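Structure first, then comments.
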Amino acid sequence: MTTLVRDTIGPSWRLWLAITVGFVLTYYVAQLLVLDMRFGHWPNYVTLYDYPDNVVRIIRHTPSVADMIPIVADEWLLEVGYMNYDFGHGIAEWSLAILPTKLLAVTLLGAVIGFDWLLWRRVRRVCSATQRPAALGAAGIGAALFGLTNISLTWVVCCATPSWVVSLTLLGFDSAVSLSLAPYGVWLALVGALLLAGTTLWLGWRGRGTVSVSAPTRTAARTA
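Below is the structure:
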């Protein structure tokens, strides 16, 4: 598998990196576009938090490691939102929160998508007409579930709690129904991760016989 990863990403590492970075940027820009279409205005404030200092403070003042881990995981790095000044000093009507833990998860998701795309390009010739769309469909559903459950949006209608279910409310779901789905986010993310992992392993298994010959080997063969 290590050889397959090296031979798949190595010759196309720029494309793989572009897909990874492009996915992360698209992921967050798309959320801002949805917010703009939903409310009709762009964000009017950006707040950068001192994430390292906040994490150190949490570690120092939280005796229990079991309590410390989820608190650190929920710590914010950046907040982009819209402040409504119709109410005194203003109230954050909605915001997009970027958490380092979720940013890492989204980056990993983009890296896996890029790797799967490169694998699919390699093995599509040896896959049947039903296997090709099935692999793309499984990877797409897995990425959608994992990506959806890592969204961190806030909206005053949803108690201003950053959660993936806020995106469901923005898409038209009843807020009470959306909030009731919040506890299932971990399970949906797990299903998405399993679908992605299964697709990656299957593509890797199909691609074992399609590993390209390395450049030095081809040069040696031509010389011989």
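So the sequence shown is numbered by the numbering used here: it starts at 1340 and just counts up by one.
Note that beta-carbon positions come from the ideal geometry of N, C-alpha and C, so glycine has one too.
What you are looking at is a predicted structure, and each value in this text was computed from that prediction instead of being measured.
Item to check | For I1398: DSSP bridge partner residues | outcome: For I1398, which the question treats as bridged, DSSP gives no partner whatsoever.
Next on the checklist: With distance defined between alpha-carbon atoms, name the residue in S1514, V1495, L1529, T1446 nearest to I1565.
Outcome noted: Shown here, the chain extends from 1340 to 1563; a query on residue 1565 therefore has no answer.
Checklist entry - Going straight from the alpha carbon of G1361 to that of W1352, what length do you get? => result 14 Å
Next on the checklist: Quick check: what's the CA-CA separation for V1373 versus N1383?
Outcome noted: 16 Å
Next on the checklist: Considering only the alpha carbon of each residue, which of L1509, L1507, I1452, T1508 lies closest to G1537?
Outcome noted: Nearest neighbour of G1537 by Cα position, chosen from L1509, L1507, I1452, T1508, turns out to be I1452.
Checklist entry - Between D1455 and the rest of its own chain, which residues show a CB-CB distance below 7 Å, the 5 nearest in sequence each way excluded? => result For D1455, where only same-chain residues beyond five positions count, the Cβ hits under 7 Å are A1478, T1538, T1539, L1542.
Item to check | Through-space distance from G1511 to L1442, alpha-carbon basis | outcome: 26 Å
Checklist entry - Just the Cα atoms here: how many angstroms apart are R1396 and L1534? => result 37 Å
Item to check | With 16 other Cβ atoms within 10 Å as the buried cut-off, status of T1347 | outcome: Residue burial annotation: T1347 is buried, with at least 16 other C-beta atoms found within 10 angstroms of its C-beta.
Checklist entry - From T1558 to V1462, what distance separates their C-alpha atoms? => result Since pLDDT at T1558 reaches only 43, below the 50 mark, its modelled position is unreliable, and the value read off the structure follows with that caveat. Distance between the alpha carbons of T1558 and V1462: 24 Å.
Next on the checklist: Measuring straight from C-alpha to C-alpha, what distance separates F1426 and W1503?
Outcome noted: Distance between the alpha carbons of F1426 and W1503 is about 26 Å.
Item to check | Contact the region 1512 to 1527 vs the region 1387 to 1402: 3+ CB pairs below 8 Å | outcome: Because the criterion of three Cβ pairs below 8 Å is not met, the region 1512 to 1527 and the region 1387 to 1402 do not touch.
Item to check | Range covered by the alpha helix (DSSP H) that runs through S1517 | outcome: 1514 to 1519
Checklist entry - Thinking just about the alpha-carbon of each residue, which of V1411, W1544, S1467, T1365 is nearest to the one in T1589? => result Absent from the model: residue 1589. The displayed extent of the chain is 1340 to 1563, so no value can be given.
Next on the checklist: Using a 10 Å radius around the Cβ and a threshold of 16 neighbouring Cβ atoms, would you call A1405 buried or exposed?
Outcome noted: exposed
Checklist entry - Would you say T1440 and A1474 are within 8 Å of each other, going by their C-beta atoms? => result no
Next on the checklist: Quick check: what's the CA-CA separation for G1531 versus Y1421?
Outcome noted: 31 Å
Next on the checklist: Using CA atoms only, rank isn't needed, just tell me which of H1428, Q1370, P1350 is closest to L1509.
Outcome noted: Considering only alpha carbons, the answer is Q1370.
Next on the checklist: Between the alpha carbons of T1341 and V1363, how many angstroms are there, rounded?
Outcome noted: 25 Å
Next on the checklist: Judging by CA-CA distance, which residue of E1432, V1419, R1545, N1489 is the nearest neighbour of W1459?
Outcome noted: R1545
Item to check | Rounded separation between A1450 and H1428 - CA only | outcome: 42 Å
Next on the checklist: So, at 8 Å on beta carbons, what are the nonlocal neighbours of S1491 in its own chain, with the 5 sequence-adjacent residues on each side left out?
Outcome noted: L1435, A1436, I1437, L1438, K1441, P1501, S1502, W1503
Checklist entry - So, are the CB atoms of T1386 and E1418 less than 8 Å apart? => result yes
Item to check | Proximity below 8 Å, CB of L1448 to CB of F1485 | outcome: yes
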